[in-house]
Amino acid sequence: GSGTGDFDGDGLTDLDEYEETKTNPIVADTDKDGLLDGVETNTGTYVSATNTGTDPKNADSDGDKLLDGVETNTGELVDEENTGTDPNNADTDGDGYTDGGEVAGGTDPHDPNSKGAIPAPFLYVDFEDNATDLSGNDYNGEINGDVSFDIEGAPNGPTPFTGASFNGGFLDFFDIDMNSMIRDFEGGSYTFTCWLAPVGSAGGQGFMWGQTNQGIHNGIRNGGFLHSAHWGADWNAATVLEADQWVHAAWVYDGATDTATIYLDGELDGGPQAQRAPNGGGTFIFGARNNGDVPYNGYVDDVTIWREVLPAATIKTLAEGASPIGATQDDQDGDGLPDAWEEKYGVDDPEGDDDNDGLTNIEELEARTKPDTADTDEDGLSDKQELVDTKTNPRSADTDKDGLLDGVETNTGVFVSVNNTGTDPLKEDTDEDGYTDYKESIDSLSDPNDPNSVPPQPEIKLLAYWDFNDPSDPKSATDVSGNAPAAAFTGPAKYSDDGGGFSGEIGDYSLDLGSVGDGSAAQTPEGPHLDEASDSNQMSVAFWQNTTQVGNTSAFWINAPAATGGQRGFQAHTPWGNGTIYFDQSGCCGASQRLTVGGQVITNQWQHFVFQRDEDGNMQIWVDGELRAEQGGAEPFDPFNGIITIGADANTNNSMATRIDEFAIYNRPLDEAEIQSLYEGNLAIDLITPPAPFTITDVERDDDGQVTLTFNARPNVIYAVDVSEDCELWQEIDDNVVGSKGKATFVDISGFGDQKALFYRVRIID
Numbered sequence: 001g002s003g004t005g006d007f008d009g010d011g012l013t014d015l016d017e018y019e020e021t022k023t024n025p026i027v028a029d030t031d032k033d034g035l036l037d038g039v040e041t042n043t044g045t046y047v048s049a050t051n052t053g054t055d056p057k058n059a060d061s062d063g064d065k066l067l068d069g070v071e072t073n074t075g076e077l078v079d080e081e082n083t084g085t086d087p088n089n090a091d092t093d094g095d096g097y098t099d100g101g102e103v104a105g106g107t108d109p110h111d112p113n114s115k116g117a118i119p120a121p122f123l124y125v126d127f128e129d130n131a132t133d134l135s136g137n138d139y140n141g142e143i144n145g146d147v148s149f150d151i152e153g154a155p156n157g158p159t160p161f162t163g164a165s166f167n168g169g170f171l172d173f174f175d176i177d178m179n180s181m182i183r184d185f186e187g188g189s190y191t192f193t194c195w196l197a198p199v200g201s202a203g204g205q206g207f208m209w210g211q212t213n214q215g216i217h218n219g220i221r222n223g224g225f226l227h228s229a230h231w232g233a234d235w236n237a238a239t240v241l242e243a244d245q246w247v248h249a250a251w252v253y254d255g256a257t258d259t260a261t262i263y264l265d266g267e268l269d270g271g272p273q274a275q276r277a278p279n280g281g282g283t284f285i286f287g288a289r290n291n292g293d294v295p296y297n298g299y300v301d302d303v304t305i306w307r308e309v310l311p312a313a314t315i316k317t318l319a320e321g322a323s324p325i326g327a328t329q330d331d332q333d334g335d336g337l338p339d340a341w342e343e344k345y346g347v348d349d350p351e352g353d354d355d356n357d358g359l360t361n362i363e364e365l366e367a368r369t370k371p372d373t374a375d376t377d378e379d380g381l382s383d384k385q386e387l388v389d390t391k392t393n394p395r396s397a398d399t400d401k402d403g404l405l406d407g408v409e410t411n412t413g414v415f416v417s418v419n420n421t422g423t424d425p426l427k428e429d430t431d432e433d434g435y436t437d438y439k440e441s442i443d444s445l446s447d448p449n450d451p452n453s454v455p456p457q458p459e460i461k462l463l464a465y466w467d468f469n470d471p472s473d474p475k476s477a478t479d480v481s482g483n484a485p486a487a488a489f490t491g492p493a494k495y496s497d498d499g500g501g502f503s504g505e506i507g508d509y510s511l512d513l514g515s516v517g518d519g520s521a522a523q524t525p526e527g528p529h530l531d532e533a534s535d536s537n538q539m540s541v542a543f544w545q546n547t548t549q550v551g552n553t554s555a556f557w558i559n560a561p562a563a564t565g566g567q568r569g570f571q572a573h574t575p576w577g578n579g580t581i582y583f584d585q586s587g588c589c590g591a592s593q594r595l596t597v598g599g600q601v602i603t604n605q606w607q608h609f610v611f612q613r614d615e616d617g618n619m620q621i622w623v624d625g626e627l628r629a630e631q632g633g634a635e636p637f638d639p640f641n642g643i644i645t646i647g648a649d650a651n652t653n654n655s656m657a658t659r660i661d662e663f664a665i666y667n668r669p670l671d672e673a674e675i676q677s678l679y680e681g682n683l684a685i686d687l688i689t690p691p692a693p694f695t696i697t698d699v700e701r702d703d704d705g706q707v708t709l710t711f712n713a714r715p716n717v718i719y720a721v722d723v724s725e726d727c728e729l730w731q732e733i734d735d736n737v738v739g740s741k742g743k744a745t746f747v748d749i750s751g752f753g754d755q756k757a758l759f760y761r762v763r764i765i766d
């Protein structure tokens with residue numbers, strides 16, 4: 001037809017379609033949205049059905065995933081073909097949810113109180129059934145360390161009955177690969193949400209969302225702020241969290257724009273902040289970062305992951321108590337039992353006792369036990385027995401966390417067997433003798449009810465010992481114990497001057513390391529000398545140290561080829577450059593591998609250190625005879641290959657600026673008395689072979705009549721020397737002779753030495 005004609009009958013002339021609207025003059029509905037090109041006036045404002053304001057070349061002008069033709073702007077939702085929404089406004093009712101999302105989710109796009117549908121999560125754990133994933137993906141978590149499911153959940157959350165308590169442990173989700181399933185999935189976006197009530201992490205730090213190798217480590221940091229981190233791309237939100245206060249938190253990362261946002265109780269608390277994609281690898285963990293490092297301490301509920309950016313309105317809805325999977329606490333029959341709880345456990349009578357444990361269903365709801373299982377925690381006691389008789393926790397199989405099931409701790413005070421220990425299920429160490437009920441009971445080596453009955457200590461042995469007192473070979477130090485090879489000096493390491501050992505006495509030397517990072521160290525070759533420690537899972541390292549400069553250094557490093565962190569079998573930074581002492585074993589740097597303490601090292605002063613762990617996985621740091629840090633849950637030893645580096649790491653990097661003396665490795669942990677003995681100046685070998693009896697061992701008189709006495713003495717103990725001509729009348733001639741390294745020397749300058757017959761005696765000054 002002519003230029004003024006309308007070939008397709010859409011209400012626009014062919015010439016207008018060619019020159020003005022750029023629509024197809026032979027297709028009445030160019031964008032196939034159900035509207036003729038002529039009514040789509042592209043003004044952005046809906047006037048009427050013949051002037052919709054929509055774009056004739058865009059089937060979804062407002063991008064809400066509804067065709068313009070179904071958005072009739074009547075204000076009433078009829079069905080998916082007549083939504084009544086505004087085709088120029090993606091969120092007609094302004095509730096934060098797009099019209100298309102509301103229509104798809106079954107909510108009303110015209111009612112701001114009818115919220116949009118929450119998409120299905122990738123992971124959802126509500127802790128009502130331990131760490132079971134309720135998303136339908138079956139990505140169940142496994143406990144690693146101290147995590148329990150025995151607290152009430154978030155009171156304003158969707159599942160307030162049970163939450164999780166994190167006390168140094170974390171959850172492993174071995175089926176969730178953080179790279180292929182999160183970072184590299186589609187655009188790499190995520191939304192992490194949970195309810196939390198920090199305890200120890202309040203005002204401090206504790207990571208929650210992490211992975212086994214670096215990467216994501218979102219949580220609490222820098223004095224109690226919510227924190228977003230992708231290993232090198234870290235930032236804080238704005239609000240300091242209060243202790244023991246439940247809040248809802250969300251961490252959102254938009255992979256398309258490389259921005260992150262943090263929400264607190266449904267409101268923006270930080271961001272959007274530029275943040276690159278996470279680096280790292282491994283599987284998902286919750287409750288720590290980097291395979292257990294810097295664990296979160298506090299309570300958690302409703303841990304959820306989406307692999308997309310949730311809109312702010314959805315996060316607000318979750319913070320208002322919505323369930324990530326659409327579950328509710330509705331009770332349609334008004335019997336006091338939530339419908340979802342009834343459906344989950346297959347019960348419906350509040351006064352019924354379906355599992356015959358003596359508790360009604362309503363009582364089980366209140367106690368947060370399972371109404372279909374008589375013994376919820378499977379510890380050998382029914383739920384009613386625990387609530388009424390033993391007062392133990394029916395949701396925790398081991399209430400006192402001593403390693404024994406509540407059911408075998410019969411509290412009779414009489415040990416019968418490992419199935420009837422007679423111990424108190426509410427006390428980890430019933431007889432308070434320093435050994436857990438488990439340790440005393442399982443091998444039946446001692447009575448867990450008798451404080452005078454303790455497990456026998458293994459005979460103490462030195463696996464290696466360098467006193468650095470034989471400088472005859474200036475490039476190596478002999479192992480005094482005879483069990484280990486000599487330690488060869490590297491770099492400028494050398495023996496100190498005579499008297500440079502910790503005692504300061506003549507004849508006492510030490511290992512003198514040069515400057516920070518100069519490669520100074522003493523190192524042994526491979527060998528079997530530490531095999532006993534590998535097999536027994538216990539060991540202690542003790543030494544004296546006098547540091548002249550703090551840096552990023554290691555005091556010692558014992559190699560274990562299978563250990564992560566550079567074959568980090570057993571090592572200590574004393575300290576690292578930040579002033580913190582780090583004690584690592586069986587790798588680095590997870591909660592089950594690392595123990596730390598700060599503010600202990602004093603420069604230019606001799607200090608005594610002990611680093612040890614026992615067969616039960618308890619790690620300790622002792623400084624100057626005092627216990628400074630301890631924790632349980634250590635991983636078993638990775639086998640050692642015998643390479644011991646003193647004063648640096650395994651590659652003799654990170655070497656110290658210090659002197660080290662009396663470096664000893666024992667086959668077991670030392671007790672407090674033994675550590676005190678070393679700190680008081682006794683030699684490491686004195687714990688193996690007691691000091692010689694207190695006696696005068698040598699008397700010498702020179703040509704001038706001057707007498708020199710040598711006697712066995714305890715380090716740092718003060719002695720008095722008396723003199724007599726007849727062993728009846730005694731005169732004190734010195735009251736300040738100090739013992740050192742097992743002996744003391746006294747030179748008599750009183751003049752009595754000229755006598756032909758003279759007697760001496762030595763006394764300890766109290």
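Numbering (my numbering), first residue to last: 1 to 766.
C-beta atoms are modelled at their ideal positions from N, C-alpha and C, and glycine is treated no differently.
If we count the other Cβ atoms within 10 Å of its Cβ and call it buried at 16 or more, is ASN222 buried or exposed? Here residue 222 refers to the residue found at position 222 of the sequence shown. With fewer than 16 other Cβ atoms inside 10 Å of its own Cβ, ASN222 counts as exposed.
ALA772 lies in the alpha helix (DSSP H); which residues open and close that run? Any property of residue 772 remains undetermined from this structure, which presents the chain solely from 1 to 766.
What did DSSP end up calling GLY565 once you bin it into helix, strand or coil? The residue given as residue 565 occupies position 565 in the sequence shown. DSSP places GLY565 in helix when its eight states are reduced to three.
In the structure shown, what three-state DSSP assignment does SER228 receive? As a working note, residue 228 is residue 228 in the sequence shown. Of the three classes helix, strand and coil, the one that applies to SER228 here is strand, per DSSP.
By DSSP, does LEU404 sit in helix, in strand, or in coil? By one-based count along the sequence shown, residue 404 stands at place 404. DSSP places LEU404 in coil when its eight states are reduced to three.
Measuring CB to CB, does ASP433 end up less than 9 Å from PRO451? Your numbering for residue 433 matches position 433 in the sequence shown. Your numbering for residue 451 matches position 451 in the sequence shown. Yes, these two residues count as a Cβ contact at 9 Å.
Check the C-beta distance from GLN205 over to ILE220 and give it rounded, since I have them as a contact under 8 Å. Along the sequence shown, read from residue 1 onward, the residue named residue 205 stands at position 205. Along the sequence shown, read from residue 1 onward, the residue named residue 220 stands at position 220. Contact flag correct, Cβ pair sits at about 6 Å.
Three-state secondary structure assigned by DSSP to GLU674: In the sequence shown, counting from the first residue as 1, residue 674 sits at position 674. Note: GLU674 maps to helix in three-state DSSP.
Measure how close the beta-carbons of PRO819 and PRO528 come, nearest whole angstrom, since I'm counting them as under 8 Å. For the chain, the structure presents residues 1 to 766; residue 819 sits outside this window and is missing.
Starting from TYR18, follow the beta strand (DSSP E) in both directions and report where the run begins and ends. The residue you call residue 18 lines up with position 18 of the sequence shown. Annotation for TYR18: no beta strand (DSSP E) segment contains it, and DSSP assigns it neither H nor E.
Give me the residue from PRO295, TRP235 and ALA277 with the minimum Cα distance to ALA202. Residue 202 sits at position 202 when you count from the first residue of the sequence shown. Closest in C-alpha terms to ALA202, from the list PRO295, TRP235 and ALA277, comes PRO295.
3 or more residues per run - each beta strand (DSSP E) lying fully within the stretch 238 to 287: The stretch 238 to 287 contains these whole beta strand (DSSP E) runs: 247 to 254, 259 to 264, 267 to 274 and 281 to 286.
What's the call for LYS475, buried or exposed, on a 16-neighbour Cβ count within 10 Å? Reading the sequence shown from its first residue, position 475 is the one you call residue 475. Burial call: exposed.
Considering only their Cβ atoms, is the gap separating THR159 from GLY153 smaller than 9 Å? Taking the sequence shown and counting its residues from 1, the one referred to as residue 153 is at position 153. Taking the sequence shown and counting its residues from 1, the one referred to as residue 159 is at position 159. Yes, the pair counts as a contact, with Cβ atoms nearer than the cut-off.
Using three-state DSSP, classify GLU526 as helix, strand or coil. In the sequence shown, the residue the question calls residue 526 occupies position 526. Correct three-state label for GLU526: coil.
LEU595 bridges to which residues according to DSSP? Position 595 of the sequence shown, counting from 1, holds the residue named residue 595. Answer is PHE583.
Inside the stretch 598 to 661 only - beta strand (DSSP E) runs reaching at least 3 residues: Within the stretch 598 to 661, the complete beta strand (DSSP E) runs of at least 3 residues are 606 to 613, 619 to 623, 626 to 631 and 644 to 646.
Would you give the residue range spanned by the beta strand (DSSP E) that ALA367 belongs to? Against the sequence shown, residue 367 aligns to sequence position 367. First-last for ALA367: 361 to 367, but that is the alpha helix (DSSP H), not the beta strand (DSSP E).
Beta-carbon separation (whole angstroms), PRO25 vs GLU40, contact threshold 8 Å: The residue given as residue 25 occupies position 25 in the sequence shown. The residue given as residue 40 occupies position 40 in the sequence shown. For PRO25 against GLU40, the beta-carbon gap comes to about 15 Å, at or over 8 Å, which does not count as contact.
To the nearest whole angstrom, what separates the beta carbons of ARG613 and GLN538, a pair I think is in contact under 8 Å? Numbered from its first residue, the sequence shown carries residue 613 at position 613. Numbered from its first residue, the sequence shown carries residue 538 at position 538. Distance from ARG613 to GLN538 at the Cβ level is roughly 6 Å; contact confirmed, criterion being Cβ atoms closer than 8 Å.
First and last residue of the alpha helix (DSSP H) that includes LYS391? Taking the first residue of the sequence shown as 1, we reach residue 391 at position 391. Counted as a single uninterrupted DSSP element, the stretch harbouring LYS391 is not any alpha helix (DSSP H), since DSSP gives it neither H nor E.
Nearest-angstrom Cα separation, counted from ASP138 out to ALA260: Position 260 of the sequence shown, counted from the first residue, corresponds to residue 260. Position 138 of the sequence shown, counted from the first residue, corresponds to residue 138. When rounded, the distance between both Cα atoms is 28 Å.
Per the DSSP calculation, MET539 is bridged to which residue(s)? One-based indexing of the sequence shown puts residue 539 at position 539. Within the DSSP secondary-structure output, MET539 pairs in a beta bridge with ARG613.
Under DSSP, the beta strand (DSSP E) around ALA164 begins and ends at which residues? For this step, residue 164 is matched to residue 164 along the sequence shown. Counting along the chain, ALA164 sits inside the beta strand (DSSP E) bounded by residues 163 to 167.
Touching or not, the stretch 694 to 710 and the stretch 569 to 578, by the rule of three or more beta carbon pairs under 8 Å? The stretch 694 to 710, when compared against the stretch 569 to 578, does not touch it at the 8 Å Cβ threshold.
Paired residues, beta bridge with SER770 - DSSP: This structure gives no information on residue 770, because the portion of the chain shown stretches from 1 to 766.
CA-CA distance, ASP330 and ASP339? Sequence index remark: in the sequence shown, residue 330 carries index 330 (1-based). Sequence index remark: in the sequence shown, residue 339 carries index 339 (1-based). Those two C-alpha atoms are separated by around 6 Å.
With a 10 Å radius around its C-beta and 16 neighbouring C-beta atoms as the bar for buried, classify ARG395 as buried or exposed. Here residue 395 refers to the residue found at position 395 of the sequence shown. Buried, because 16 or more other Cβ atoms sit within 10 Å of the Cβ of ARG395.
Which residues bound the beta strand (DSSP E) around TYR465? Looking up residue 465 in the sequence shown gives position 465. Counting along the chain, the unbroken beta strand (DSSP E) around TYR465 starts and ends at 462 to 466.
Taking the beta strand (DSSP E) that GLU142 belongs to, which residues open and close that run? What you label residue 142 is simply residue 142 of the sequence shown in a count that begins at 1. Looking at the DSSP string, the run of the beta strand (DSSP E) that includes GLU142 is 142 to 144.
For ILE643 and ALA650, which I take to be in contact (beta-carbon distance under 8 Å), what is that distance rounded to the nearest angstrom? Counting from one through the sequence shown, the residue named residue 643 turns up at place 643. Counting from one through the sequence shown, the residue named residue 650 turns up at place 650. Taking the Cβ atoms as the reference, ILE643 lies roughly 7 Å from ALA650, within the contact range of under 8 Å.
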